[in-house]
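Chains as they are written, first to last, in our numbering: chain A, 38 to 258; chain B, 38 to 258.
There are 2 protein chains.
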Amino acid sequence: MTPKARVRTAGRISESTIKRLSLYYRALSVLEQTGQGTVSSQDLAGREDLSPAQVRKDLSFFGTFGTRGLGYPVGELRAKLARILGIDRTWNVAVLGAGNIGTALVSYREFKNQGFLIKRIFDSDPRKVGARHGGLVVSDIARLESDLVSERIEIVVIAVPAEAAQPLADRCVRAGLKAILNFAPVNLVLPDDVCLRTENMSMELEYLSYTLVNCALPPQG
Amino acid sequence: MTPKARVRTAGRISESTIKRLSLYYRALSVLEQTGQGTVSSQDLAGREDLSPAQVRKDLSFFGTFGTRGLGYPVGELRAKLARILGIDRTWNVAVLGAGNIGTALVSYREFKNQGFLIKRIFDSDPRKVGARHGGLVVSDIARLESDLVSERIEIVVIAVPAEAAQPLADRCVRAGLKAILNFAPVNLVLPDDVCLRTENMSMELEYLSYTLVNCALPPQG
DNA sequence: AATTGTGAAATTGTTCACAGCA
DNA sequence: TGCTGTGAACAATTTCACAATT
C-alpha cells in the first residue's frame with residue numbers, strides 16, 4: 038500500500054531466465070518478419086531448443102502475456118520483451134582497445150541493429166590513434182574520462198590485453214560508468230553497483246576441447 | 038572389474054563445473070608465473086570470485102589434488118587441469134567467414150597460446166578470397182570439405198551471417214566434424230554427437246541493458 | 001594450526017500436471 | 001478442445017560443517 042509496495046520483481050529473477058528472454062526475443066523477431074500472428078509456447082520453445090514449460094514459467098515472472106487456448110501475440114510479446122530487456126531504446130557505447138577484437142566490434146552490425154550505438158573507440162598506441170574503423174576515428178585513451186561524460190557513454194566494452202583491463206575499468210568506474218562488457222581474459226574486481234559481464238572465448242573453446250576428449254563416442258557408437 | 042568398469046566420471050559433470058575449471062586454469066597459470074608453489078582453495082577462489090568450497094568440490098569430481106593442511110601444488114594442478122580440459126595438446130581449427138569477427142579471431146593471440154591453431158579461414162566472397170590475415174590466406178568456401186580432411190581440422194568456428202550458418206554447419210557435419218564454436222546469432226540444429234557452443238554477444242549486452250534498467254540503484258542508494 | 005575432501009543440508013532452477021480460461 | 005499460468009514435485013547445484021590429514 039505504501040509507494041514502495043510496487044512490484045519489485047527484478048532482483049530475484051535468475052540469470053538464466055534473462056538469457057532465455059534474449060533467445061525468445063530473437064525467435065520472436067524472426068516470427069514477426071514471417072507475419073505469423075501468434076505463437077504457442079511449444080513452437081517458441083522448439084526454435085531455441087527449450088521446453089514449453091520453461092517458456093511459460095520464464096514469461097510468468099514478468100506478467101501475463103498469452104491467451105489460454107491461443108498462444109502469445111508475436112509482435113506484442115516481442116515489444117514487451119524489448120521493454121523488459123531495456124532494448125526499446127538506444128544505448129551509448131564506447132570500445133576500449135582498437136586491436137583485432139575492438140575494431141571488429143565497431144563494425145559489427147548486430148550491435149547497431151539492437152540499439153547499441155558505438156560512439157567512440159579508444160587506444161593508447163599513438164600509431165592507432167587517428168585511424169578510421171567503420172566510420173569512427175580512434176581516440177586517445179587520455180580522453181577517456183572527458184569523452185565518457187561528453188558522449189553520455191552508458192556501456193563500455195573492454196577489448197584490451199589482460200594486464201591493461203583492470204586499470205582501465207577503474208578509470209571508467211571513477212568517471213561514473215555503471216556497465217562493462219569485458220573481453221579481456223581476466224577477473225575484473227569492481228564495486229557492487231557496477232554491472233559486469235565477461236565474454237571468455239577461450240573458455241568456450243576449452244569446453245569444446247573437454248567435451249571432445251571426454252565425451253566423444255568412439256567411431257562405431 | 039570388467040574393462041568397462043573404469044572410472045566414467047565425464048558425462049555427469051556439470052557445464053558450470055567445466056567452465057570454472059577454465060577459470061582455475063587461468064588463475065593457476067598466473068600463479069605459476071609468480072613462482073608460488075602452493076595455493077589454498079581460499080586463495081584460488083578469491084582470484085576468480087568464487088567460494089573455497091566450490092573450488093574443492095569441483096576438483097574433487099576429478100580426483101585428489103591437494104594436501105590437507107597445505108593446499109594445492111600450483112604447477113602440478115595446472116598441468117592436471119590442462120589434461121582434463123584437453124588442452125595439453127594442440128587442436129586444428131578452421132574459421133568460416135572472413136568478415137570482422139572471423140579475421141579478428143585469426144589474429145587473436147590467446148587462441149594460439151592455448152594450443153588452438155587456426156589452419157584455415159574461408160569465405161564465399163571472391164573479393165575476400167586470397168586476402169591475407171595474420172599469416173593466413175582466405176580460402177574459397179568451395180574447398181571446405183576437402184580442406185577439413187586434408188588439414189585434419191577438429192574444431193570449426195562459424196563467423197558468418199545468421200542465414201548462412203546452418204547450411205555451413207551441415208556441410209561440416211557431413212564431412213565428419215565433431216565440434217563447432219558458433220558466433221552467428223542463430224540456434225544451430227545438429228546431431229547429438231556433435232559438440233556445439235554458441236557465443237552470443239548480443240545476449241551479453243542485453244543482459245547488461247536489463248540490469249541497468251531493472252537493478253540499477255538510484256543515485257543516492 | 002591449517003586446509004583438504006566430502007556427505008548432508010540448503011538453495012536454486014526445471015519440469016510436471018492440472019485448474020482455469022478462450 | 002487447446003493452450004496458458006502456476007503451485008507442487010523433482011532435480012541440480014551450491015554451501016555448510018566437520019572428520020581426516022599433514
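Built from N, CA and C at the ideal position, the CB exists for glycine as well.
In this text the structure is predicted, and so the values were computed from the model without any measurement.
C-alpha gap between T235/A and F220/A, whole angstroms:
Rounded to the nearest angstrom, the gap between the Cα atoms of T235/A and F220/A is 6 Å.
Name the two residues that bound the continuous alpha helix (DSSP H) containing A201/A. Where A201/A is concerned, the enclosing alpha helix (DSSP H) stretches over 199-211.
Notebook entry, point to check: Looking only at C-alpha atoms, which of S88/A, D86/A, F99/A sits nearest to Y247/B?
Noted result: Comparing Cα positions, the closest option is F99/A.
**OP:** Taking 8 Å as the cut-off, decide whether the C-beta atoms of A216/A and L249/B are in contact.
**Re:** yes
**Request:** Show which residues of chain B have a CB atom less than 9 Å away from the CB atom of G123/A.
**Result:** In chain order: E243, L245, S246, Y247, T248, L249, V250, N251.
Mind checking if E69/A is an interface residue toward chain B, Cβ cutoff 8 Å exclusive?
E69/A does not count as touching chain B.
- Message: Output needed in chain order: residues of the stretch 144-157 of chain A with a Cβ under 8 Å from some Cβ in chain B.
- Response: S144, Y145, E147, F148, Q151, F153
Problem - Residue span of the beta strand (DSSP E) that contains V194/A, given as start and end - result: 192-195
So the alpha helix (DSSP H) A168/A belongs to, where does it begin and stop? Counting along the chain, A168/A falls outside any alpha helix (DSSP H), and DSSP gives it neither H nor E.
| task | Under 8 Å by Cβ, that's how I've got N137/A and S144/B pegged, so tell me the actual separation to the nearest angstrom. | result | 5 Å
Candidates V130/A, L233/A, L205/A, I50/A: which alpha carbon is nearest S97/A's? For the options V130/A, L233/A, L205/A, I50/A, the alpha carbon positioned closest to that of S97/A is the one of I50/A.
Pull up the CB-CB distance for A199/A and P222/A, whole angstroms please, since I reckon it's below 8 Å.
5 Å
Going by DSSP, what residue range makes up the alpha helix (DSSP H) through T71/A? For T71/A, the enclosing alpha helix (DSSP H) begins and ends at 52-71.
Reduced DSSP category for A90/A - H, G, I as helix; E, B as strand; rest coil:
helix
ask   = Within this structure, are the beta carbons of Y68/A and V111/A separated by less than 8 Å?
value = According to the sequence displayed, residue 68/A carries Leu and not Tyr. In contact: L68/A and V111/A (Cβ atoms closer than 8 Å).
- [ ] Please go through the same chain and pick out, in chain order, the residues whose beta-carbon is closer than 8 Å to the beta-carbon of E259/B, but skip the five residues on each side of it.
- [x] It is not possible to answer for residue 259/B, since the shown part of chain B is limited to 38 through 258.
*Among the residues of its own chain, which have a CB less than 6 Å from the CB of E85/A, if the five just before and after it don't count?*
L60, A64
Straight-line CA distance for G152/A to L245/B? Annotation: G152/A to L245/B spans about 13 Å, alpha carbon to alpha carbon.
ask   = Ordered along the chain, which non-local residues of its own chain (more than five positions away) have a Cβ less than 7 Å from that of R208/A?
value = Taking R208/A as the centre and dropping the five residues before and after it, the same chain places the C-beta of L181, E182 closer than 7 Å to its C-beta, in chain order.
**Min CB distance L173/A to chain B below 8 Å** = Output row for L173/A: interface = no.
Is the beta carbon of I178/B closer than 8 Å to that of F159/B?
yes
Are L142/A and V194/A closer than 8 Å when you measure CB to CB? yes
_To the nearest angstrom, how far is the alpha carbon of N224/A from that of N237/B?_
When the Cα atoms are used, N224/A and N237/B turn out to be separated by approximately 20 Å.
Partners in chain B for E200/A, counting only beta-carbon separations shorter than 9 Å: Residues of chain B passing the Cβ test: none, with the nearest at roughly 10 Å.
| request: Report the residue from A212/B, I190/B, T75/B, R164/B whose alpha carbon sits nearest the alpha carbon of F102/B. | output: The residue among A212/B, I190/B, T75/B, R164/B with its C-alpha nearest the C-alpha of F102/B is T75/B.
With a threshold of 16 other CB atoms inside 10 Å of the CB of D95/A, please say whether the residue is buried or exposed. buried
Exercise for the section: With 8 Å as the C-beta to C-beta threshold (strictly closer), list the residues of the stretch 181-193 of chain B near chain A in chain order. Expected result: Within the stretch 181-193 of chain B, the qualifying residues are E191, I192.
Taking 8 Å as the CB-CB cut-off, is K215/B touching chain A?
yes
Mapping the DSSP letters down to three states, classify A131/B as helix, strand or coil.
strand
(message) Measuring only the C-alpha atoms, how far is T104/A from L218/A?
(response) 37 Å
Should C232/B be labelled buried (16 or more other beta-carbon atoms within 10 Å of its own) or exposed?
The residue in question, C232/B, is buried, as its Cβ has 16 or more Cβ neighbours within 10 Å.
Practice prompt. Tell whether a beta-carbon distance below 8 Å holds between A206/B and L185/B.
Written response: no
ask   = Going by C-alpha distance, which of V226/A, P89/A, E191/A is nearest A202/A?
value = Minimum Cα distance to A202/A is reached at V226/A.
Review point. For a contact meaning CB atoms closer than 8 Å, what does P222/A contact in chain B?
Key: R63, E147
* First and last residue of the alpha helix (DSSP H) that includes T140/A? -> 137-143
Practice prompt. Taking only the alpha-carbon atoms, compute the straight-line gap between D229/A and V174/B and give it to the nearest angstrom.
Written response: Roughly 46 Å between the two C-alpha positions.
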